[in-house]
Structures are given as C-alpha cells and as structure tokens.
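Remarks on the structure that follows.
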Amino acid sequence: MRIMVTGANGQLGNSLRRELEADSSIEAIYTDANTLDITDYGTLNRFFEDNPVDMVINCAAYTAVDRAESDDLKAAAINTGAVGNLGQAAAKHGMKVIHVSTDYVFSGETFRPYEENDEPYPQSIYGRTKLEGEGLLTSFCSNAMIIRTAWLYSEFGSNYVKTMLRLADEREEINVVSDQIGSPTYAGDLAHAIHLIIKHENWQPGIYHFTDEGVASWYHFTKAIFDITGKKTKVNAIRTSQYPTPAKRPLYSVLSKNKIKRNYGLEIPYWRDSLKRCLEQMGV
C-alpha cells in the first residue's frame with residue numbers, strides 16, 4: 001500500500017511517521033507545507049499524477065486557534081480549501097482519504113459525549129473552517145473518513161504538555177482553567193489507531209470520533225502532568241471567565257468513541273496511562 005501523509009512535520013504527522021515506518025507493507029510519502037502546497041489544486045493534482053498513492057492521510061491544519069480569529073483567510077485556505085482540494089484529487093485519482101478534524105466543530109454546550117451525527121455548531125473561526133473542510137471533503141469524495149479528535153499532545157512539536165513543563169520550571173504557581181472538560185489524547189495513540197484502520201479488512205468511510213478514554217479538565221490534566229513528573233509547582237483552579245481568549249473554547253468536548261470501536265475493534269487507552277508513556281518517551 002502506498003500512502004501520502006500531509007502535515008508530516010506536526011505532532012500527528014511525526015507520530016504517524018514513527019508508526020508507519022515500522023510496517024514494511026506500507027510505503028509512505030511524507031509532505032509538509034515546505035514540500036507540497038496543498039492549498040493549490042493544480043500543484044496537488046500534478047503531484048498525484050507523478051506520485052500515485054492509494055490513500056492520503058491529511059494531518060495538515062491551521063491549529064493556532066486564537067490567531068485564526070484575526071487570520072481567517074489563512075485558516076480557511078488550510079482548513080477548508082486544502083481539504084476540498086484533497087477530496088477533489090482523491091475522487092479524480094481513485095484514492096481513499098483519512099482526514100483529521102476537531103471537537104471544535106461542536107458548541108461545547110451539550111454536556112454528554114458528542115456522537116458523530118450530533119449537530120455541529122462551531123463557536124470559533126478555527127472550528128468553522130474545520131467544519132467547512134469536512135463538508136467540502138465529503139462533497140467531492142465518497143471514500144473519505146473523517147476522524148475528529150481533541151486535546152492532542154505528544155513528544156513532538158509544541159503542545160500543552162510541553163508548555164506546562166516549561167512553566168513548572170519557571171514559576172512557583174500557575175492558574176489553569178477547571179471548567180473546560182475533555183479527553184487528553186496522545187498523538188501516538190491516534191497514529192496507532194489510524195494504522196490499524198488502514199490495515200483493517202473492512203474499510204468503512206464516514207465520520208468518526210477518537211480520543212483517549214476518560215475525561216479531565218485542563219486543571220486535572222495539568223495536575224496529572226506535575227504529579228507524574230514530580231513537579232512541585234502549585235496549580236490554582238480558575239474559571240474560563242477569568243482567562244479570556246480571542247477564540248471561544250468548548251466548555252465540554254468529550255467525544256463518543258462507540259462507532260470507531262464498534263466498526264474497527266479498537267481498544268483505546270486511558271488518558272493518564274498514555275500521558276505516562278508520552279512523558280517516558282520525552283525522558284521527563
């Protein structure tokens with residue numbers, strides 16, 4: 001099987017690279033913005049003409065949630081336009097697509113785990129552009145899988161875990177929001193799930209949700225990071241209203257994983273166990 005991974009230098013892209021390189025039955029091409037401009041359809045189409053693949057895994061995204069509020073054109077180009085381009089190219093060249101999306105497509109005001117068919121209602125430019133990307137992809141390509149995830153972290157790139165570890169070394173105490181609830185998700189777990197889906201004998205396109213098991217607030221997530229690593233920094237719980245940001249965050253973004261577990265037989269780790277594994281990989 002020949003696969004192209006976009007956004008290959010990001011958290012999930014790097015995690016996928018590590019995952020797929022251990023599988024000799026998969027030949028992968030890894031691209032990023034500096035090697036392939038997926039926002040330009042002509043460039044993308046020529047790439048596939050010269051480099052035919054069976055599947056595209058799209059990890060590319062504009063993920064600067066607050067900056068997107070004032071940089072909406074660039075966010076839309078990457079999160080919407082580029083995804084539509086991939087869908088169009090996939091339909092033309094007979095490829096499957098796995099596209100990674102986000103919990104931000106929901107309002108965060110429904111306090112039960114979101115199902116795939118729940119009505120999206122994004123509250124930010126980031127969420128809106130990601131939702132519009134989902135729509136374009138499925139309008140062009142019937143053989144696409146969308147995997148929504150949330151609270152992603154890893155040993156690669158910049159992320160929440162690394163930021164908290166840095167702050168722990170700089171400060172004696174920090175304030176962390178305690179009324180936003182979700183599921184911290186190790187990118188290595190999502191990469192492994194995608195690998196299993198690729199190898200599964202029964203490909204079933206559509207919208208799916210994947211996060212690690214369990215729920216936490218950002219406050220409890222931070223406490224776990226410090227507990228596991230032995231950091232002594234004091235963590236103060238605050239409310240979202242005490243920490244205003246340009247983009248509105250979902251207060252509740254727990255995603256139901258019943259569909260992906262049922263269709264692909266996945267066993268998903270508990271978030272705290274995966275956090276320990278990530279911190280071990282980081283050597284912390």
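Note that my numbering has the sequence shown beginning at 1, numbered continuously upward. Ideal Cβ positions, reconstructed from N, Cα and C, are used throughout, including at glycine.
Sequence-distant residues of its chain with Cβ nearer than 7 Å to residue i (five each side left out)
| i | result |
| --- | --- |
| Arg171 | Thr233 |
| Lys231 | Ala168 |
| Glu19 | Ala191, His192, His195 |
| Thr269 | What sits at residue 269 in the sequence shown is Pro, not Thr. Counting only Cβ-Cβ distances below 7 Å, and skipping sequence neighbours, we find Asp189, Asp212, Glu213. |
| Pro120 | Val105, Phe106, Leu131 |
| His200 | Tyr264 |
| Leu279 | Ile228, Thr229 |
Three-state secondary structure (DSSP) of residue i
| i | result |
| --- | --- |
| Val5 | strand |
| Gly188 | helix |
| Val65 | coil |
| His209 | strand |
| Tyr219 | helix |
| Glu27 | strand |
| Val53 | coil |
| Ile181 | strand |
| Lys92 | helix |
| Ala237 | strand |
| Asn288 | An answer regarding residue 288 cannot be provided, because it is not within the stretch 1 to 284 covered by the chain. |
| Tyr243 | coil |
| Leu176 | A quick correction: the sequence has Val, not Leu, at residue 176. Strand. |
| Leu86 | helix |
| Leu255 | strand |
Best match in the options for proximity to residue i [C-alpha to C-alpha]
| i | options | result |
| --- | --- | --- |
| Asn143 | Ile198, Asp103, Phe106 | Ile198 |
| Ala77 | Asp66, Met4, Arg67, Ala61 | Ala61 |
| Lys276 | Val161, Tyr252, Ala64 | Val161 |
| Glu115 | Glu109, Lys259, Tyr264 | Lys259 |
| Thr39 | Met164, Lys74, Leu20, Ala8 | Lys74 |
| Asp37 | Asp66, Thr6, Ile57, Pro52 | Thr6 |
| Val56 | Gly94, Ile3, Glu155, Arg67 | Ile3 |
| Leu152 | Glu69, Asn263, Ser24, Thr63 | Thr63 |
| Ser139 | Gly81, Val53, Tyr104 | Gly81 |
| Trp271 | Asp189, Asn159, Gly265, Asp118 | Asp189 |
| Asp32 | Gln11, Glu69, Ser25, Asp50 | Gln11 |
| Ile146 | Phe156, Arg166, Gly87, Ser124 | Gly87 |
| His99 | Leu266, Asn175, Arg166, Gly206 | Gly206 |
| Tyr30 | Leu16, Gln123, Ala8 | Ala8 |
| His69 | Ala216, Glu267, Ser256, Ala247 | This sequence places Glu at residue 69; His is not what is there. Out of Ala216, Glu267, Ser256, Ala247, Ala247 has the C-alpha closest to the C-alpha of Glu69. |
| Tyr126 | Ser217, Asp50, Arg67 | Arg67 |
| Ser183 | Ala22, Ala224, Val284 | Ala224 |
| Asn14 | Ala187, Gln281, Leu266, Tyr243 | Ala187 |
| Asp118 | Lys261, Ser253, Gln281, Ser274 | Ser253 |
Cβ-based burial, residue i [other Cβ within 10 Å; buried from 16]
| i | result |
| --- | --- |
| Thr211 | buried |
| Lys92 | exposed |
| Thr35 | exposed |
| Thr245 | exposed |
| Asn79 | buried |
| Arg148 | buried |
| Asn58 | buried |
| Pro295 | Here the chain comprises residues numbered 1 to 284, so residue 295 is not present and cannot be evaluated. |
| Gly133 | buried |
| Arg128 | buried |
| Thr163 | exposed |
| Phe111 | exposed |
| Ser154 | buried |
Same chain, Cβ closer than 6 Å to residue i, five either side skipped, listed in chain order
| i | result |
| --- | --- |
| Ala89 | Leu44, Asn45, Phe48 |
| Glu109 | none |
| Tyr41 | Asn85 |
| Leu16 | Val5, Ala191 |
| Val284 | Thr229 |
Close beta carbons around residue i, own chain, < 8 Å, minus the five adjacent residues each side
| i | result |
| --- | --- |
| Arg173 | The question names Arg, but residue 173 in the sequence shown is Glu. Closer than 8 Å at the Cβ level, and outside the excluded window around Glu173, lie Thr233, Lys234, Val235, Asn236. |
| Thr240 | Val177, Asp179, Gln180, Arg249, Leu251 |
| Lys96 | Asp54, Met55, Val56, Ala90, Asn143, Ala144, Met145, Trp203, Pro205 |
| Pro255 | The sequence given here has Leu at residue 255, not Pro. These residues qualify, in order along the chain: Asp103, Pro113, Tyr114, Arg148, Thr149, Ala150, Ser183, His209, Phe210, Thr211. |
| Thr222 | Met164, Ile174, Val176, Val235 |
(request) Kindly provide the ranges of any alpha helix (DSSP H) runs that are 4 or more residues long and lie completely inside the segment 96-172, ordered along the chain. (result) 125-140, 160-170
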